[in-house]
Every structure is written in C-alpha cells, then in structure tokens.
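Below is one structure, written out as structure tokens, with a few remarks after it.
In this note's numbering, the protein residues as written are 3 to 105.
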C-alpha cells in the first residue's frame, strides 16, 4: 500500500464526516503517514483499529495554544466524544487490511 492509496481511502470513507461537512479533502492527510508506517501483516483487526484511533487522536484532539507554542491534548476518555471509540474504525481497518494484504 502506498501513501496515495491510504489517503484516497481515508478521503472516500470520510470516517468522521469532515469532508461531508465542508472540510477540504486533505483533512485526513496528516494521519495517513502515521498509520502507514505502523502497518504490518501480523496486526490483528483490533490492533489496527487502535493504531488508526491513536493517529486520529493525536491529529484531531490536540494542538498548541496560539502564540505560546504550549501543547495541549484532550484526555483520551474525553476524546471519544470527538472521534469515537476505536471500535468505530472497524470498517476502515478492514478495508486497510484488505488493501494492505494485496501489496
């Protein structure tokens, strides 16, 4: 699987509905390399779901305070209100697994 394939899959699935809500199609681009670098053929579906969730967590549930460069992160127990639970990424994890196994 190439980075382009994963970015295309993330855009087409639009798992968080951001593109449907009007965001640019590249909204998911930062999570693609994070997920891709951790892909291996021996991962269980549950492990893959957790990798995807963690990538989304770090991208969409944290940042820096303007002009201070002070980093902040939403607590993981509260992050599920923003990105859902890892189990919510099952269909995406399944598609990634199918496509990754082909390469």
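Heads up, the beta-carbon is just placed ideally off N, CA and C, and yes, glycines get one too. All values derive from a computational prediction rather than experimental measurement.
Between the options, which has its C-alpha nearest residue i's C-alpha?
i: residue 28; options: 48, 9, 15 and 19; result: 9
i: residue 62; options: 44, 39 and 32; result: 32
i: residue 87; options: 21, 102 and 48; result: 48
i: residue 2; options: 89, 58, 96 and 92; result: In this structure the chain extends from 3 to 105, so residue 2 is not present and cannot be described.
i: residue 90; options: 66, 24, 52 and 98; result: 52
I need the straight-line Cα distance from residue i to residue j, nearest angstrom please.
i: residue 70; j: residue 77; result: 20 Å
i: residue 50; j: residue 72; result: 30 Å
i: residue 94; j: residue 17; result: 8 Å
i: residue 13; j: residue 34; result: 10 Å
i: residue 55; j: residue 67; result: 23 Å
i: residue 7; j: residue 45; result: 19 Å
i: residue 103; j: residue 36; result: 18 Å
Under three-state DSSP, which class holds residue i?
i: residue 46; result: coil
i: residue 59; result: helix
i: residue 4; result: coil
i: residue 51; result: helix
i: residue 28; result: helix
i: residue 17; result: coil
i: residue 90; result: helix
List the DSSP bridge partners of residue i.
i: residue 74; result: 65
I'd like the list of long-range same chain contacts for residue i, defined as Cβ closer than 7 Å, with 5 residues on each side in sequence excluded.
i: residue 105; result: Here the model assigns residue 105 a pLDDT of 49, short of 50, so the residue's position is not dependable and the matter cannot be decided.
i: residue 99; result: 47 and 50
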